[in-house]
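Heads up: the structure comes next, in structure tokens.
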Amino acid sequence: MRVTVFGSGYVGLVTGACLADAGNHVVCVDLDANKIERLSNGDVPIHEPGLEAVIRRNINAKRLEFTTDAIKGAEHGLFQLIAVGTPPDEDGSADIKHVLTVARTIGAHLRDYAIVMTKSTVPVGTADMVKGEIAAALAGRQLAVQFDVVANPEFLKEGTAVADFMKPDRVVVGTDNPRTTQLLRALYEPFTRNHDRLIVMDVRSAELTKYAANALLATKISFMNEMAQFAERVGADIENVRKGIGSDPRIGYNFIYAGIGYGGSCFPKDVQAQIRSAKGVDCGTRILEAVDAVNEEQKLLLVRKISRHFKGQLQGLHIALWGLAFKPNTDGMRAAPSLIIIKELLAAGATVRAFDPAAMTEAQRLLGASKGFSLARDAYEALEGADALAIATEWREFRSPDFNQIKSSLRHPVIFDGRNLYSAEQLQQLGFNYYSVGRGQT
Numbered sequence: 003m004r005v006t007v008f009g010s011g012y013v014g015l016v017t018g019a020c021l022a023d024a025g026n027h028v029v030c031v032d033l034d035a036n037k038i039e040r041l042s043n044g045d046v047p048i049h050e051p052g053l054e055a056v057i058r059r060n061i062n063a064k065r066l067e068f069t070t071d072a073i074k075g076a077e078h079g080l081f082q083l084i085a086v087g088t089p090p091d092e093d094g095s096a097d098i099k100h101v102l103t104v105a106r107t108i109g110a111h112l113r114d115y116a117i118v119m120t121k122s123t124v125p126v127g128t129a130d131m132v133k134g135e136i137a138a139a140l141a142g143r144q145l146a147v148q149f150d151v152v153a154n155p156e157f158l159k160e161g162t163a164v165a166d167f168m169k170p171d172r173v174v175v176g177t178d179n180p181r182t183t184q185l186l187r188a189l190y191e192p193f194t195r196n197h198d199r200l201i202v203m204d205v206r207s208a209e210l211t212k213y214a215a216n217a218l219l220a221t222k223i224s225f226m227n228e229m230a231q232f233a234e235r236v237g238a239d240i241e242n243v244r245k246g247i248g249s250d251p252r253i254g255y256n257f258i259y260a261g262i263g264y265g266g267s268c269f270p271k272d273v274q275a276q277i278r279s280a281k282g283v284d285c286g287t288r289i290l291e292a293v294d295a296v297n298e299e300q301k302l303l304l305v306r307k308i309s310r311h312f313k314g315q316l317q318g319l320h321i322a323l324w325g326l327a328f329k330p331n332t333d334g335m336r337a338a339p340s341l342i343i344i345k346e347l348l349a350a351g352a353t354v355r356a357f358d359p360a361a362m363t364e365a366q367r368l369l370g371a372s373k374g375f376s377l378a379r380d381a382y383e384a385l386e387g388a389d390a391l392a393i394a395t396e397w398r399e400f401r402s403p404d405f406n407q408i409k410s411s412l413r414h415p416v417i418f419d420g421r422n423l424y425s426a427e428q429l430q431q432l433g434f435n436y437y438s439v440g441r442g443q444t
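First residue of the sequence shown? That's 3 in my numbering, and the numbers climb one at a time after it.
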């Protein structure tokens with residue numbers, strides 16, 4: 003099948019590459035000429051395990067191409083996927099101007115029947131607006147080309163996005179046209195062969211499904227972080243609590259790890275966008291506002307523990323920081339807790355030397371000009387001469403470190419663990435002052 007993907011960011015790249023890998027002819031369109039040149043040469047600008055191999059394989063097979071030519075894209079695909087960014091506006095609402103610009107482009111150049119699919123995370127009602135923009139553009143051309151607009155939200159997790167697309171737990175499709183449903187079933191059939199995962203519903207319900215899913219997952223995280231705060235005050239261990247409640251199949255183990263808050267390009271933005279959308283129709287958002295507030299407060303937790311240990315004297319301290327990305331297996335730092343930690347420590351007069359297995363380039367771009375901040379070549383170099391170690395991301399390589407080397411490198415044997423990676427009992431036996439989240443110490 004012929005597929006066009008507008009937007010070669012995270013969602014667009016993974017979607018286009020995986021659809022090409024199933025045998026489709028995919029054209030990815032992006033206005034960034036430098037990015038398109040890199041991608042055409044198989045140089046992937048994001049860190050996502052397995053993605054580069056899929057892209058290179060399909061470029062070589064001539065099933066996947068990248069272009070800045072929007073007209074070519076609009077004329078190519080039976081399926082026209084809109085996967086451009088919807089960044090937060092000043093009030094926190096999703097800015098869909100790029101989505102509507104793509105809709106106008108499609109309408110200005112569409113020649114034959116097409117299914118226009120919104121992959122971007124968009125507020126309820128966006129598909130209707132996309133349909134209106136395309137219809138207006140076609141009317142201006144005095145053409146009566148048929149088209150359908152479908153809501154087809156993505157449920158990809160950074161770090162496992164290729165696997166998520168290749169073996170989805172569900173494919174949500176919002177449409178009221180049986181013909182469109184059959185075409186979409188054929189498009190996704192290679193990824194749902196062992197059993198049908200296509201869930202068909204009305205367009206607005208599909209749009210809301212994505213926001214509801216992310217909001218609920220964010221709620222689980224903030225709930226556990228609030229429980230962790232209580233656990234510290236009463237001498238309980240949130241890790242034991244997690245095991246106790248996670249064994250209940252109604253709750254499950256996913257997204258109930260206490261830590262220093264969520265970040266990334268989805269949860270913070272989508273929670274805030276849903277709050278704004280709900281207020282726009284005079285609907286209460288008390289739960290989501292609390293979720294957002296708890297999360298922002300939790301990002302300050304490590305800084306407060308560091309300040310408390312050093313009796314408020316942060317001026318002149320040198321802190322080693324392991325982890326910059328908002329989670330492992332990605333280089334994404336949007337709304338990452340590490341950014342808040344670094345900002346607060348630098349403002350208090352401390353210096354920070356950090357290491358991350360994937361996010362060093364992004365960290366240099368975001369923080370390279372910050373006085374008092376530097377990057378280390380590896381995790382152990384970051385420790386040299388530091389007063390303490392703080393951990394912000396649960397990368398696998400941080401899970402079983404050489405504690406003797408850590409202790410000999412630090413000026414004080416202190417670890418502030420924002421992801422509960424280690425055994426408190428083991429660290430205490432080794433002579434460390436060990437602070438984690440929700441495990442009996444404040």
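Glycine residues also receive a C-beta, built at the ideal position from the N, C-alpha and C atoms.
By the criterion of a C-beta distance shorter than 7 Å, Arg401 is surrounded in its chain by Leu423, once the five residues flanking it on both sides are discounted. Taking C-beta separations shorter than 7 Å and ignoring five residues to either side along the sequence, the partners of Val305 in its chain run Ile343, Glu346 and Leu347, following chain order.
Residue pairing for Cys30: DSSP places it in a beta bridge opposite Val7 and Phe68. Under DSSP, Pro90 shares a beta bridge with Ala96. Between Arg172 and Glu135, the C-beta gap is not smaller than 7 Å, which leaves the two residues out of contact. For Tyr213, the enclosing alpha helix (DSSP H) starts and ends at Val205 to Val236. Pairing Ile247 with Gln300 gives a Cβ-Cβ distance that is not under 7 Å. Non-local C-beta neighbours of Ala19 in its own chain, meaning closer than 7 Å and more than five positions away in sequence, comprise Leu53, Val56, Ile57, Asn60 and Leu66, ordered along the chain. Within its own chain, the residues whose Cβ lies closer than 6 Å to the Cβ of Leu140, once the five positions on either side in sequence are excluded, are Gly109 and Val147, listed in chain order. DSSP places His311 inside the alpha helix (DSSP H), whose first and last residues are Leu303 to His311. Between the stretch 207-216 and the stretch 188-199 there are fewer than three inter-stretch CB-CB distances shorter than 8 Å, so the stretches are not counted as touching. Annotation: Val28 to Ala85 spans about 14 Å, alpha carbon to alpha carbon. For Ile98, the closest alpha carbon among the candidates Arg113, Leu218 and Thr123 is that of Thr123.
Assignment of Phe157 by DSSP, reduced to helix, strand and coil, places it in the coil class. Annotation for Asp358: Gly325, Leu326, Ala327, Ala365 and Thr395 place their beta carbon closer than 7 Å to its own, counting only its chain and skipping 5 residues before and after.
DSSP, read as helix, strand or coil, puts Asp272 in helix.
The continuous beta strand (DSSP E) containing Thr353 extends over residues Thr353 to Phe357.
Counted as a single uninterrupted DSSP element, the stretch harbouring Gln317 is not any beta strand (DSSP E), since DSSP gives it neither H nor E. With 16 or more other Cβ atoms inside 10 Å of its own Cβ, Asp389 counts as buried. Asp32 and Arg113 have their alpha carbons spaced roughly 21 Å apart. Per the DSSP secondary-structure output, Gln82 pairs in a beta bridge with Thr6 and Val118.
If you draw a straight line from the Cα of Leu15 to the Cα of Ser95, it is about 25 Å long. When only Cα atoms are considered, Phe225 and Cys285 end up about 22 Å apart. The Cβ-Cβ distance between Leu385 and Val354 does not fall below 7 Å. Using a Cβ-Cβ distance cut-off of 8 Å, the stretch 409-426 and the stretch 436-443 are in contact, since at least three pairs of beta carbons, one from each stretch, lie closer than that value. Closest by C-alpha distance to Val175, out of Lys271, Asp34, Gln407 and Asp198, is Asp198. By the Cβ-count criterion, Val283 is exposed, with fewer than 16 other Cβ atoms from all chains shown falling within 10 Å of its own Cβ.
If you look at Asp166, you'll find it in the alpha helix (DSSP H) that goes Ala163 to Met168. Nearest C-alpha to Asn256 among Asp130, Ala292, His320 and Thr221: Thr221. Between Lys329 and Asn297, the alpha-carbon positions lie close to 15 Å from each other. By the CB criterion at 7 Å, Ile117 and Asp150 fall inside the cutoff.
Judged by DSSP secondary structure, Leu326 falls outside any beta strand (DSSP E); it is assigned neither H nor E.
For Asn406, the enclosing alpha helix (DSSP H) starts and ends at Phe405 to Ser411. Under the 10 Å beta carbon count, Lys169 is surrounded by fewer than 16 other beta carbons and is classified as exposed.
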